[in-house]
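Position one of the sequence shown corresponds to residue 58 (the working numbering), numbered consecutively onward. Where a beta carbon is used, it is the ideal one built from N, C-alpha and C, also for glycine. Because the structure is a prediction, the values reported are computed rather than measured. The block underneath contains the structure these notes are about, expressed in structure tokens.
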Amino acid sequence: VKLWGTGVDGGASHKAVTLEQACRGYVAHQTTHKSKASAADAEGRFTRLVYGKTLGALPLDKLRTTQVKAWLDDMLDDDGDEDDLRRSKDSANRNLNTLKAALNLALRDRLVAADAGWKTVTPYPKAGKRRDRFLDLTDRTALLSHCGDDLRALVTALLLTGARPGEIANANVGDLDAVQGTMRLSGKTGPRVVTLSTQALKFFKAQSASKLPAAPLLTDAYGTRWNKDSWKKRFKDAVRAAKLPDDVVLYAVRHTAISELIAGGMDSFLVAKLSGTSTMMIDKHYGHLRHEQTRARLDAVVLM
Numbered sequence: 058v059k060l061w062g063t064g065v066d067g068g069a070s071h072k073a074v075t076l077e078q079a080c081r082g083y084v085a086h087q088t089t090h091k092s093k094a095s096a097a098d099a100e101g102r103f104t105r106l107v108y109g110k111t112l113g114a115l116p117l118d119k120l121r122t123t124q125v126k127a128w129l130d131d132m133l134d135d136d137g138d139e140d141d142l143r144r145s146k147d148s149a150n151r152n153l154n155t156l157k158a159a160l161n162l163a164l165r166d167r168l169v170a171a172d173a174g175w176k177t178v179t180p181y182p183k184a185g186k187r188r189d190r191f192l193d194l195t196d197r198t199a200l201l202s203h204c205g206d207d208l209r210a211l212v213t214a215l216l217l218t219g220a221r222p223g224e225i226a227n228a229n230v231g232d233l234d235a236v237q238g239t240m241r242l243s244g245k246t247g248p249r250v251v252t253l254s255t256q257a258l259k260f261f262k263a264q265s266a267s268k269l270p271a272a273p274l275l276t277d278a279y280g281t282r283w284n285k286d287s288w289k290k291r292f293k294d295a296v297r298a299a300k301l302p303d304d305v306v307l308y309a310v311r312h313t314a315i316s317e318l319i320a321g322g323m324d325s326f327l328v329a330k331l332s333g334t335s336t337m338m339i340d341k342h343y344g345h346l347r348h349e350q351t352r353a354r355l356d357a358v359v360l361m
């Protein structure tokens, strides 16, 4: 009996069918039984995320829930704004739905005996709705205490600046102006120069000591520049060890810093400039904090 992955109808395969073969079979099925548009959509997703990948080479009967969850998590953009993260979750959910449709078809066609490897993997909840995770002082203390020295420095940098993780990761020693007390950051909104607090300046001066201007300002324990792949798992481990909610990602540190700046009474225009976003985004996502502060001031005034 020929493999179903070749597009030939048949029963159970004489050898293990891989995830990639199951996905290719699903695309063929969609072309025949649904529409070319549906098949093209699935093909595009599988080309980006399955074909030629480690996961795609796995036999269906060897597929594990943890592997599918890791595949799903790797799609998240936790280096951008909260909207970027939410959109990436929504996109990841659609990719998961298509993958599970392919796997369920393989199950119905008896290419695998059970669906234990993917059945319990569920989409991210409320991916279409903004959900901010604020870390209070107790949360921050717990999180930092469970980070290694290198990761603690990265998290501290985000707390002291409200910058995006990638902006801090990309910063070089030469981007720090210790005389002016500023730092040059570059990211999705282009380059900008931000003023550092006294605490932040002291921290970054210590991090830059004895380093060449072209060297990364912050590195991991191996002296390598940080990137999403190197911080993601370690940050998740620290979150779990600190007993924080599972959906806390590194972006939550940036969100927390911005929230504290707004709640502390800093002008939204200045916060937008420091964090590299727009006043519209600040007002949209953090305006409630400013209104609460204004309300407290109003309540302090005796009018009648």
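- prompt: Short check: CB of Leu242 to CB of Ala228, under 8 Å?
  reply: yes
message: Taking the straight line between their C-alpha atoms, what separation do you get for Ala94 and Ala171?
response: 29 Å
task: Leaving aside the five residues before and after Gln350 along the sequence, list all residues of the same chain whose C-beta is less than 7 Å from its C-beta, in chain order.
output: The residues are Ala320, Gly322.
query: Grouping DSSP H, G and I as helix and E and B as strand, with all else coil, what is Val250?
result: Strand.
message: Can you list, in chain order, the residues of its chain with a C-beta nearer than 7 Å to that of Val251? Leave out the 5 residues immediately preceding and following it.
response: Thr218, Thr239, Met240, Leu242, Leu331
- prompt: Thinking C-alpha only, which one of Thr255, Ala79, Arg121, Leu106 is nearest Asp166?
  reply: Ala79
- prompt: Among Leu269, Asp232, Pro248, which one has its Cα closest to the Cα of Leu258?
  reply: Asp232
- prompt: Cβ atoms of Phe292 and Leu215: under 8 Å apart, would you say?
  reply: Cβ atoms of Leu215 and Phe292: not closer than 8 Å.
- prompt: Can you give the beta carbon distance from Val74 to Leu168, rounded, assuming they're within the 8 Å contact cut?
  reply: 5 Å
- prompt: Are the Cβ atoms of Gly205 and Ala298 separated by less than 8 Å?
  reply: Going by C-beta atoms, Gly205 is not nearer than 8 Å to Ala298.
message: Let me confirm a value: Asn154 is counted as buried when at least 16 other C-beta atoms fall within 10 Å, else exposed. Which label applies?
response: Classification of Asn154: exposed, given that the 10 Å Cβ count is below 16.
- prompt: Looking at the unbroken beta strand (DSSP E) that takes in Thr281, where does it start and where does it end?
  reply: Segment: none, Thr281 is in no beta strand (DSSP E) and carries neither H nor E.
query: So, Leu142 versus Leu129, is the Cβ gap smaller than 8 Å?
result: no
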